[in-house]
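Colleague: Protein chains in written order, with my numbering: chain A, 261 to 713; chain B, 175 to 315. All residues carry an ideal CB built from backbone N, CA and C; glycine is no exception. What follows is a structure written as structure tokens; I'll ask about it next.
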């Protein structure tokens, strides 16, 4: 690490790890309920578990993005963070708002809007917190000695993500209009500006790990994020097929959604090509695994599995079934969860001075979690396809089908157990690093020298 | 070979162009398309009450409506047609909470006015034109 202030990233990464564990616990509660075992119903009903599971995902990924920005921006702008006390204030207020939101879900303080269940009064606190975060990042960039494309793409992603939260705060009497704007937030986040953040973090990791020239990496970064918006903005239309929108969304949404995998394919080719061109001398193999896997699995989960059910004729039958859960799990895992785990794996040795670059625990974490998530995706796929045929095509009643597909949730839970083992291994490694220390300052100079060879 | 500057122009130009198209289509959808398809002028105080209850109780956390929700409980876009108003009232008024085949629904203590609000909401939803969703089973019941 170059600057002492980068250590603040650790707080956000630790919070991410804690929330990820909680997210998994609530996932198990839902999985068991789908299997017919909802013993916790009186205490934690399914809709509570569902809201908690999804919002914890959003919050831990955002926490990871914030940590990544606090680590990357000082490095890229060659200056200390604008204000460490303000960053600490931002961290604690972020964590407190998150805890209040999750606790609120358990006493019915929420709004029934998938992924945006946080009630509107809390939304204002979220907005205030994010503004503080952006002020710190932008001031660091402005007063910095250097400016880089990577830093600006990452920052643009963060700024747009904040702006896009606003349409979700407006109230509408018509649920179709409400849904229209909800997708402004959710779709334009995950299939739009979050990909800018992903591109920025991925470019940073590739520059550091592969040693390929920055100009080459940043040129392709523009192409990849260009493809993202070219397809992703009008690709929002796939959420407007069957929610009250005009019929032209069927064609527009269909065409541009079908193009969306191109952006993810671009991300994959980008990462793999840079790795092949690189000198492969960086010792942090775990960071390399996660960097390459986020590029590859995001294409499979977000790109290919999205394409599998995005065309209107198919989506007519799969919309609102477990097929969506299949796509959602691998997409979030590949594109965003793995990305956060990649930046954690890269930055923790540099913040703590403990060189855990390639150990058995880290490899087990990588393989168990990835194989587990692929198993979960398969279980959701089997359940979803069975549901489509039985309910949508054969016309069986919802609950009849729900009972028929219960065995798939047993497989889901087995795969989720393997996934959890992987995450536990990852957290063991995270704890092994200990806390960041000033003694780790300049620890990345050795690796900078590798590039010159 | 593509230069970094050209790549930047591709990114910024493409983004602005498609954003402009998206905003234009959004305005049309919000001003004309959605109000027509969803019979916006038929939204009464009762329907609004139903929609508020749908939100406040996070019904979407189990059910789906217009295909959006959590896949744990039935899709309700056409529940008014499929089951009828009386069935909806029975479910919402179930004294010990509704539990079809062992799957528990949260028990709600709704007033008669609130139950009627939800019925009105589902009746309004039932008439929305959703481009053919949900599909009719092609093999049959």
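#1: I need the straight-line Cα distance from residue 381/A to residue 362/A, nearest angstrom please.
#2: For residue 294/A, go through chain B and note every residue whose CB falls closer than 8 Å to its CB, in chain order.
#3: Check whether the Cβ atoms of residue 583/A and residue 648/A lie closer than 8 Å to each other.
#4: Is it buried or exposed for residue 334/A, if we count other Cβ within 10 angstroms and need 16 for buried?
#5: What is the DSSP secondary structure of residue 712/A, reduced to helix, strand or coil?
#6: For residue 214/B and chain A, any beta-carbon pair shorter than 8 Å?
#7: Under DSSP, the alpha helix (DSSP H) around residue 382/A begins and ends at which residues?
#8: Taking 7 Å as the limit between beta carbons, can you name the residues of its chain near residue 487/A, skipping five residues before and five after?
#9: CA-CA distance, residue 223/B and residue 357/A?
#10: Kindly indicate which three-state DSSP category residue 218/B falls into: helix, strand or coil?
#11: Please list, in chain order, all residues of the same chain as residue 608/A whose beta carbon is under 6 Å from its beta carbon, the five residues on each side excluded.
#12: What residues in its chain sit with their C-beta under 8 Å from that of residue 444/A, if we drop five residues either side in the sequence?
#13: Going along chain B, which residues have a C-beta under 8 Å from residue 496/A?
#14: Per DSSP, which one or two residues make a beta bridge with residue 238/B?
#15: My guess is that residue 672/A and residue 640/A are in contact by the Cβ rule of under 8 Å, so how many angstroms apart are they, rounded?
#16: Listing by chain order, which chain A residues have their CB less than 8 Å from the CB of residue 304/B?
#17: Can you pull the chain B residues whose beta carbon is under 7 Å from the beta carbon of residue 370/A, in chain order?
#18: Going by Cα to Cα distance, which pick from 268/A, 275/A, 401/A is closest to residue 346/A?
#19: So for residue 190/B, helix, strand or coil by DSSP?
#20: For residue 278/B, tell me which candidate among 187/B, 304/B, 262/B, 236/B has the shortest Cα-Cα distance.
#21: Between the Cα of residue 359/A and those of 618/A, 276/A, 546/A, spot the shortest distance and give me the residue it belongs to.
#22: Got a sec? Which residues, its chain only, sit under 8 Å from residue 279/A by beta carbon, not counting five neighbours each side?
#23: Quick check: the region 556 to 566 of chain A against the region 473 to 492 of chain A, are there 3 or more CB pairs under 8 Å?
#24: Tell me whether the beta-carbon of residue 422/A lies closer than 8 Å to the beta-carbon of residue 394/A.
#25: In chain B, which residues lie with their C-beta within 8 Å of the C-beta of residue 585/A?
Modeller: In short:
#1: 14 Å
#2: 246
#3: yes
#4: buried
#5: The pLDDT assigned to residue 712/A is 48, lower than 50, so where the model puts this residue is not dependable, and the model offers no usable value.
#6: yes
#7: 380 to 403
#8: 522, 523, 526
#9: 29 Å
#10: coil
#11: 693
#12: 424, 427, 428, 496
#13: 196
#14: 243/B, 249/B
#15: 7 Å
#16: 502, 503, 504
#17: 232
#18: 268/A
#19: helix
#20: 236/B
#21: 276/A
#22: 316, 319, 320, 323, 358
#23: no
#24: yes
#25: 245
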